[in-house]
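*Asks:* In the numbering used here, the protein residues as written are 1060 to 1414.
Glycine included, each C-beta is placed from N, C-alpha and C at the ideal position.
The model shown is predicted, which means the values in this text are computed figures rather than measured ones.
What follows is a structure written as structure tokens; I'll ask about it next.
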């Protein structure tokens, strides 16, 4: 009973847990933002304690979660590609898949956008579950129950990404140069974060967004020319289905976010050489992620572990014979860790000819 009482905290909101255990508003906000980052939830939403714990799993046993990849994120992809090629894997880019081909309920390969057909007994999809089942296979070709479960996956993107190319290191008030290389959070209180979420509930962006900022070039000077810096910020909250439309709101919102940063880093506007804002709509169109959700679906209690993406596909294999999932929409979710792909490969190898 005592263990059950402790576990109840997993399912409740992180706001109440922070209020019960801490007094410092800055500390409470800094912890609670990890319970909502990238999600369609605020600190008062149920499951946010679980969201925090799930996100921090990468910090146990001496391993740290967030990391800066030397050469930028693209370098990781290049390293993985080089490793694959050395093992004899053929990689093809600019070869978008139009559909996954089926013979009754068994995959037979894929058809590319250009019309080329590639035959295969196994198809391992890194696309999000909705893209895989709804667009590439088509709901008419799968069981009604599976189609319903796929439709019910919550994947409303709610975070944007700001990139700033700077001609110098910004001066954040009260921070040393060494501290500027750490994770910088702009979220003074939990109520600040909750109010930012309130706007997203009604299809509007927040006038005072919560920000998770990093200056990766302080750890890797190969990213920029000498004397320059690059700043990135996760902007929470920016709903995919913005009421006024991102075509109209994108530039004003980008300027609003820069203004928000400038409150803590006076003079940063004069350092900006170029800027880019990726909204959830941009993520959806450029990277084909349904809803622009970077995890391919909410990381909440009902959409993780044996429920991710849904019960009949939680072990990477699916109800369609020969079709496997290996992306962020599969267990254990998103993040630059590759565990879903590793686990899918392990499952396929384990099944052998039965795969």
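Could you tell me the distance, in whole angstroms, from the CA atom of residue 1172 to the CA atom of residue 1318?
*Replies:* As a working note, residue 1172 is residue 113 in the chain shown. As a working note, residue 1318 is residue 259 in the chain shown. Approximately 42 Å, taken between the alpha carbons.
*Asks:* Quick check on DSSP: helix, strand or coil for residue 1243?
*Replies:* Numbered from its first residue, the chain shown carries residue 1243 at position 184. DSSP places residue 1243 in strand when its eight states are reduced to three.
*Asks:* So what's residue 1080 in DSSP terms, helix, strand or just coil?
*Replies:* What you label residue 1080 is simply residue 21 of the chain shown in a count that begins at 1. Three-state result, residue 1080: helix.
*Asks:* Short of 8 Å in beta carbon distance, which residues of its chain neighbour residue 1120, apart from the five on each side in sequence? Order them along the chain.
*Replies:* Residue numbering aside, residue 1120 sits at position 61 when the chain shown is read from its first letter. Bear in mind that a pLDDT of 48 at residue 1120, under 50, signals an unreliable position, so the model cannot answer this.
*Asks:* Less than 8 Å between the CB atoms is what I'm expecting for residue 1294 and residue 1221, so what's the real figure, rounded?
*Replies:* Counting from one through the chain shown, the residue named residue 1294 turns up at place 235. Counting from one through the chain shown, the residue named residue 1221 turns up at place 162. Taking a contact as a CB-CB distance under 8 Å, the pair residue 1294 and residue 1221 counts as one, their CB atoms being some 6 Å apart.
*Asks:* Using 8 Å as the cut-off, can you tell me whether the stretch 1138-1155 makes contact with the stretch 1369-1388, which would need three or more C-beta pairs spanning the two stretches below that distance?
*Replies:* With contact defined as three or more Cβ pairs closer than 8 Å, the stretch 1138-1155 and the stretch 1369-1388 are not in contact.
*Asks:* Measure the alpha-carbon distance for residue 1164 versus residue 1274 and round it to whole angstroms.
*Replies:* On the chain shown, position 105 is the one that residue 1164 refers to. On the chain shown, position 215 is the one that residue 1274 refers to. Using only the alpha carbons, I get a separation of about 48 Å.
*Asks:* What residue from 1399, 1411, 1243 has the CA that sits closest to residue 1184's CA?
*Replies:* Position 125 of the chain shown, counted from the first residue, corresponds to residue 1184. Nearest of 1399, 1411, 1243 to residue 1184, Cα basis: 1399.
*Asks:* Measuring alpha carbon to alpha carbon, tell me which of 1130, 1331, 1176 ends up nearest residue 1223.
*Replies:* Within the chain shown, residue 1223 is the residue found at index 164, counting from 1. Closest by alpha carbon: 1331.
*Asks:* Which value, in whole angstroms, describes the spacing of the CA atoms of residue 1201 and residue 1208?
*Replies:* The residue you call residue 1201 lines up with position 142 of the chain shown. The residue you call residue 1208 lines up with position 149 of the chain shown. If you take the alpha carbons of residue 1201 and residue 1208, they lie about 11 Å apart.
*Asks:* Take residue 1158 and list the residues in its own chain whose beta-carbon comes closer than 6 Å to its own, dropping the five residues that flank it on each side.
*Replies:* Within the chain shown, numbered from 1, the residue matching residue 1158 stands at position 99. Non-local beta-carbon contacts of residue 1158 in its own chain, meaning distances under 6 Å to residues more than five positions away in sequence, involve 1170, 1195 in chain order.
*Asks:* Candidates 1261, 1178, 1396: which alpha carbon is nearest residue 1116's?
*Replies:* As a first step, residue 1116 must be located in the chain shown, where it is residue number 57. It is 1396.
*Asks:* Check each candidate in 1147, 1082, 1261, 1181 and name the one with the smallest Cα separation from residue 1413.
*Replies:* Numbered from 1 along the chain shown, position 354 holds the residue referred to as residue 1413. The option with the nearest alpha carbon to residue 1413 is 1181.
*Asks:* Is the Cβ-Cβ distance between residue 1219 and residue 1140 less than 9 Å?
*Replies:* Translated into positions along the chain shown, residue 1219 becomes position 160. Translated into positions along the chain shown, residue 1140 becomes position 81. Their beta carbons are not under 9 Å apart, which means residue 1219 does not touch residue 1140 by this criterion.
*Asks:* Have a look at residue 1077 and residue 1087 and give me their C-alpha separation to the nearest angstrom.
*Replies:* Locating residue 1077 in the chain shown gives position 18, counting from the first residue. Locating residue 1087 in the chain shown gives position 28, counting from the first residue. Distance between the alpha carbons of residue 1077 and residue 1087 is about 6 Å.
*Asks:* So for residue 1288, helix, strand or coil by DSSP?
*Replies:* The residue given as residue 1288 occupies position 229 in the chain shown. The answer is strand: DSSP assigns residue 1288 an E or B state.
*Asks:* Residue 1394 to residue 1387, Cα distance in whole Å?
*Replies:* Here residue 1394 refers to the residue found at position 335 of the chain shown. Here residue 1387 refers to the residue found at position 328 of the chain shown. Their Cα atoms are separated by approximately 7 Å.
*Asks:* Taking the alpha-carbon positions, what's the residue 1091 to residue 1382 distance?
*Replies:* The residue you call residue 1091 lines up with position 32 of the chain shown. The residue you call residue 1382 lines up with position 323 of the chain shown. Going from the Cα of residue 1091 to the Cα of residue 1382 covers about 38 Å.
*Asks:* So, helix, strand or coil for residue 1335, using DSSP?
*Replies:* Sequence index remark: in the chain shown, residue 1335 carries index 276 (1-based). Residue 1335 falls in the strand class under three-state DSSP.
*Asks:* Where does residue 1264 sit, in a helix, a strand or coil, going by DSSP?
*Replies:* In the chain shown, residue 1264 corresponds to position 205, counting from 1. DSSP places residue 1264 in coil when its eight states are reduced to three.
*Asks:* With a floor of 3 residues, list each beta strand (DSSP E) that falls wholly inside the stretch 1295-1350, ordered by position along the chain.
*Replies:* 1331-1337
*Asks:* Quick check on DSSP: helix, strand or coil for residue 1359?
*Replies:* Within the chain shown, residue 1359 is the residue found at index 300, counting from 1. In the structure shown, residue 1359 sits in coil (DSSP, three-state: anything other than H, G, I, E or B).
*Asks:* For residue 1335, which residues in the same chain have their Cβ closer than 7 Å to its Cβ, ignoring the five residues on either side in sequence?
*Replies:* Counted from its first residue, the chain shown places residue 1335 at position 276. These residues qualify, in order along the chain: 1222.
*Asks:* Can you tell me the Cβ-Cβ gap for residue 1127 and residue 1279, rounded? I've got them flagged as a contact below 8 Å.
*Replies:* Numbered from 1 along the chain shown, position 68 holds the residue referred to as residue 1127. Numbered from 1 along the chain shown, position 220 holds the residue referred to as residue 1279. Correct: roughly 6 Å between the Cβ atoms.
*Asks:* Do the stretch 1350-1369 and the stretch 1209-1218 meet, that is, are 3 or more Cβ pairs less than 8 Å apart?
*Replies:* yes
*Asks:* Consult DSSP for residue 1075 and reduce its assignment to one of helix, strand or coil.
*Replies:* As a working note, residue 1075 is residue 16 in the chain shown. Residue 1075: helix per DSSP, three-state reduction.
*Asks:* For the beta strand (DSSP E) containing residue 1170, name the first residue and the last one.
*Replies:* Position 111 of the chain shown, counted from the start, is the residue given in the question as residue 1170. Per DSSP, residue 1170 belongs to the beta strand (DSSP E) from 1165-1171.
*Asks:* What three-state label does DSSP hand residue 1095 in the structure shown?
*Replies:* The sequence position of residue 1095 within the chain shown is 36, counting from 1. Note: residue 1095 maps to coil in three-state DSSP.
*Asks:* Expressed to the nearest angstrom, what Euclidean distance is found between the alpha-carbon atoms of residue 1370 and residue 1192?
*Replies:* Position 311 of the chain shown, counting from 1, holds the residue named residue 1370. Position 133 of the chain shown, counting from 1, holds the residue named residue 1192. Approximately 15 Å between the Cα atoms of the pair.
*Asks:* Is it the case that the stretch 1097-1116 contacts the stretch 1070-1085, given that we only count it when at least three CB pairs across the two stretches are under 8 Å?
*Replies:* yes
*Asks:* Under DSSP, the alpha helix (DSSP H) around residue 1403 begins and ends at which residues?
*Replies:* Start at 1 with the first residue of the chain shown, and residue 1403 comes out as number 344. Residue 1403 -> alpha helix (DSSP H) spans 1398-1410.
*Asks:* With H, G and I counted as helix, E and B as strand and the rest as coil, what does DSSP make of residue 1273?
*Replies:* What you label residue 1273 is simply residue 214 of the chain shown in a count that begins at 1. Residue 1273 falls in the strand class under three-state DSSP.
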